[in-house]
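Read through the structure below, which is laid out as structure tokens, and then see the notes.
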Amino acid sequence: MPAVTETREAVEKLGQSTYKWGFETEIEMDMAPKGLNEDIIRLISTRKEEPEWMLEWRLAAFATWQAMREPTWAKVSYPPIDYQDLHYYAAPRRKPGPKSLEEVDPELLRTYEKLGIPLHEQALLAGVELPEGETARPPVAVDAVFDSVSVATTFRKTLEEAGVIFCPISEAVKDHPELVRKYLGSVVPAGDNFFAALNSAVFTDGSFVYVPKGVRCPMELSTYFRINARNTGQFERTLIVVEEGASVSYLEGCTAPMRDENQLHAAVVELVAMDDASIKYSTVQNWYPGDEEGRGGIYNFVTKRGACRGARSKISWTQVETGSAITWKYPSCILQGEGSVGEFYSVAVTNNCQQADTGTKMIHIGRNTRSTIIAKTISAGRSDSTYRGLVRVQPKASGARNFTQCDSLLIGDQCGAHTVPYIESRNMAARIEHEATTSKISEDQLFYCRQRGLSEEDAVGLIVNGFCRDVLKELPMEFAVEAQKLLQISLEGSVG
Amino acid sequence: MSQFLEISGLKARIDADGQEKQILRGVDLSIPPGEVHAIMGPNGCGKSTLSYVLAGREDYEVTAGSVLFKGQDLLAMEPEERAAAGLFLAFQAPVELPGVNNANFLRTAVNAVRRARGQDELDAVAFLKLARTAAKELSMAPDMLKRNVNVGFSGGEKKRNEVLQMTMLEPSFAILDETDSGLDVDALRIVAEGVNRLRSPQFSALVITHHQKLLDYLVPDRIHVMAQGRIILSGGPELAREIDREGYTKFLAEAEAA
């Protein structure tokens, strides 16, 4: 088939140029020496001016980690990682703790501008071009994390007036120790798994959100993560606590420069929702995926978990995963409160040599708990994608209900899609439904679109976006538009 | 010579499960601007293949012949370039595009060809106004624009949707591949009226059909009979009535004898 040659040519031509976030910022960095030991952890803790309890927590996590082994059950393969060959701390060199945007290194701001992040409040308020049919949209507060540290957080004043705390977690450790001590590690314990333990020992920054009782957070909160420095790992830690009757919507986005070597990203995200609280957590993950031969790219080993502690609380995860060489990620919900609700909406795209093993865990503990899982997997090139999900109903979870739908779309004939659902029900009154489909973009569909004047790339984009619609519609408006474009870019050159 | 559409000695084959099958065996056909021609012929004679080859479907390999469309080498163009040049194919069996909003699809297509033709793109408001008017003229339910492309459409709805797309894309040459199949009398009339509205000195059409009924409404300028991959006979509108009365057998026998 000539189509195969064409595909190869198209992919070769596009190659790395398809990743337009691959630039590197020239900036003076403050780096810890390579390697991981107690001294490095002490150094991180000192640099962050942490209280003693935090250091002890880190050291305990480190001791736990040393006794653990890297998990091998996921359907991904990669050469062994040398954990001593990484920098565990890298920060832009500047005076610590900028008090306003004016104090932030202008080179950094330019980087974020390139990424399309509206850091400047003015620009945001002035309003970028609005999508059709929308007259106005609420502003978004942004926390920007550059390698290991948070460099700028916007709209803090507005949020403070509403009683919402939104700050780098390193600041929260100092300013709100009672909250951090109470909740940090309460959902994902330091020894939960290999990567979570590593993160607990060396995490450098991330976001902290606290929404007090009865407060609906007045705007979307957003964090942008950027890995820039060479040979560094990024280990951010996010903690979101939403009190009774309160709600928040939080977005995260991630990019990294193009590099030949692999970089490690091991984050931990913990969510806590009390009675009638709701948390919506959306991710657009676009770490550098590596080149078409599988060189370089981010190893994305992430532990995300939310605890629905209160009655009728709700946690909703929405993710669009297009980047990373390897993705290992299972955003989960522990449905403890009676009538609590967990949701997982996911689109995972793999192209070239990318590997993704992702899914969710819904643990039904309380009565009448409900969960919904919609997972869309798109594989192209020689990539491999696996949905791995667990639905567990505990003996006391009478009336628990789950609905799961897993759909896979294959592009080309060298990629793979796998679905591994685990269902464990210990309560006879629970209702669990699972649906799964696998399909290919048909030549008929492509030809139909092209006959109507669409280019092949546009046709694939349209069909893929249609396939993902159930998930994309869960994203906040500004992310949905971005995600649609991203899907198309990620699949460029994948058909011939 | 018409200078509009010139098909000469066109031969094409398809690779069916490893076996090469010659389907078009030398088609000659000329359609002048502003004319509607019909192709009739028994099943498997190559009518649909001709429409696919003209639209640029890659499964078919053209082994000989040429097609000039408004002076351009049509066979050298990508399917989307042919669409931009003004060629439209109303499919016999339009495909479903799950999750793709019909209006969004239509607008993307319209703006893609407008861009390629150097015209301004339509904004959402202008587009919707045009699309709603066109849909109404085809007696389509207003919610058809909101549904997913062809998903759950009845046979008649799919065909109307094809004519809606044709109206919006403003082609100069349309191929209607058995657009009348599966339509009841009322739907047939509505679809035919939709095509007739496009008729102008700048619009030509090639109508592939089995039935006289559609041709009663469309009144073609020329009728061609196709058999075994060739046009074996051409004539005026009266030819269709003759075929309707006597079937293809007589013409096939005559062609073989000749």
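Chains as they are written, first to last, in full-length UniProt numbering: chain A, 1 to 496; chain Y, 1 to 258.
Built from N, CA and C at the ideal position, the CB exists for glycine as well.
Keep in mind the model is a prediction, meaning the values are calculated, not measured.
- Runs of the alpha helix (DSSP H) lying entirely within the stretch 175–241 of chain Y, each at least 4 residues long, are 185–198 and 212–218 in chain order.
- Residue 91 (chain Y) belongs to the set of residues whose beta carbon lies under 8 angstroms from a beta carbon in chain A.
- With contacts defined by Cβ atoms closer than 8 angstroms, residue 28 (chain Y) and residue 208 (chain Y) do not form a contacting pair.
- The beta strand (DSSP E) runs lying completely inside the stretch 385–467 of chain A and spanning 3 residues or more are 401–410, 416–425 and 431–440, given in chain order.
- Below 8 angstroms, enough C-beta pairs join the stretch 321–332 of chain A and the stretch 285–301 of chain A to call them touching: three or more.
- Interface criterion not met: the Cβ of residue 405 (chain A) is under 8 angstroms from no Cβ in chain Y.
- Closest in C-alpha terms to residue 192 (chain Y), from the list Y:151, Y:70 and Y:139, comes Y:139.
- For the stretch 94–111 of chain Y, the beta-carbon criterion of a distance under 9 angstroms to any beta-carbon of chain A is satisfied by 94, 95, 96, 97, 98, 99, 100, 101, 104, 105, 106, 108, 109, 110 and 111.
- Relative to residue 413 (chain A), the option among A:475, A:441 and A:76 whose CA is nearest is A:441.
- Pairing residue 177 (chain Y) with residue 340 (chain A), the inter-Cα distance amounts to about 55 angstroms.
- For secondary structure counted as the beta strand (DSSP E) over 3 or more consecutive residues, the stretch 292–338 of chain A holds these complete runs in sequence order: 297–308, 314–321, 326–329 and 332–335.
- For residue 244 (chain Y) and residue 8 (chain Y), the gap between their C-alpha atoms comes out near 28 angstroms.
- For residue 148 (chain Y), there is no enclosing alpha helix (DSSP H), as DSSP marks it with neither H nor E.
- One thing to note: residue 457 (chain A) has its Cβ no nearer than 8 angstroms to the Cβ of residue 482 (chain A).
- Taking a beta-carbon distance threshold of 8 angstroms, residue 116 (chain Y) counts as an interface residue toward chain A.
- Residue contact with chain Y for residue 59 (chain A): absent (no Cβ-Cβ distance below 8 angstroms to any residue of chain Y).
- Counting only runs that start and end inside the stretch 336–372 of chain A, the beta strand (DSSP E) elements of at least 3 residues fall at 341–350 and 355–364.
- When C-alpha distances from residue 352 (chain A) are compared across A:204, A:322 and A:460, the shortest belongs to A:322.
- Counting the other Cβ atoms within 10 Å of the Cβ of residue 222 (chain A) gives 16 or more, which makes it buried.
- In the DSSP assignment, residue 237 (chain A) falls within the unbroken beta strand (DSSP E) covering 237–242.
- Membership of residue 68 (chain Y) in the beta strand (DSSP E) is indicated by the continuous run 60–69.
- Inclusion of residue 397 (chain A) and residue 360 (chain A) in the CB contact set at 8 angstroms is not warranted, their separation being larger than that value.
- Using a Cβ-Cβ cut-off of 9 angstroms, residue 316 (chain A) is close to nothing in chain Y; its nearest Cβ partner there is about 20 angstroms away.
- Per DSSP, residue 50 (chain Y) is one residue of the alpha helix (DSSP H) stretching across 47–55.
- With a threshold of 8 angstroms between beta carbons, residue 412 (chain A) makes no contact with chain Y.
- Take residue 212 (chain A), set aside five residues on each side of it, and the residues of its chain with a beta-carbon closer than 8 angstroms to its own are 163, 164, 243 and 246, in chain order.
- Residue state for residue 180 (chain A) is assigned as helix, using DSSP reduced to three classes.
- For residue 179 (chain Y), the closest C-alpha among the options Y:195, Y:170 and Y:152 is that of Y:195.
- Three or more beta-carbon pairs separated by less than 8 angstroms link the stretch 201–221 of chain A to the stretch 57–65 of chain A, which places the two stretches in contact.
- For residue 165 (chain Y), a Cβ of chain A is located within less than 8 angstroms of the residue's own Cβ.
- Within chain Y, the residues 95, 96 and 97 have their CB atoms less than 9 angstroms from the CB of residue 445 (chain A), given in chain order.
- In this structure, residue 106 (chain Y) and residue 90 (chain Y) do not form a Cβ contact; the two beta carbons are roughly 14 angstroms apart against a cut-off of 8 angstroms.
- By the Cβ neighbour-count rule, residue 310 (chain A) is buried, with 16 or more other Cβ atoms within 10 Å of its own.
- Burial is judged here by how many other beta carbons sit within 10 angstroms of a residue's own beta carbon; residue 274 (chain A) has at least 16 and is buried.
- Residue pairing from DSSP places residue 205 (chain A) in a beta bridge opposite A:236.
- In the structure shown, residue 249 (chain Y) adopts helical secondary structure according to DSSP, grouped into three states.
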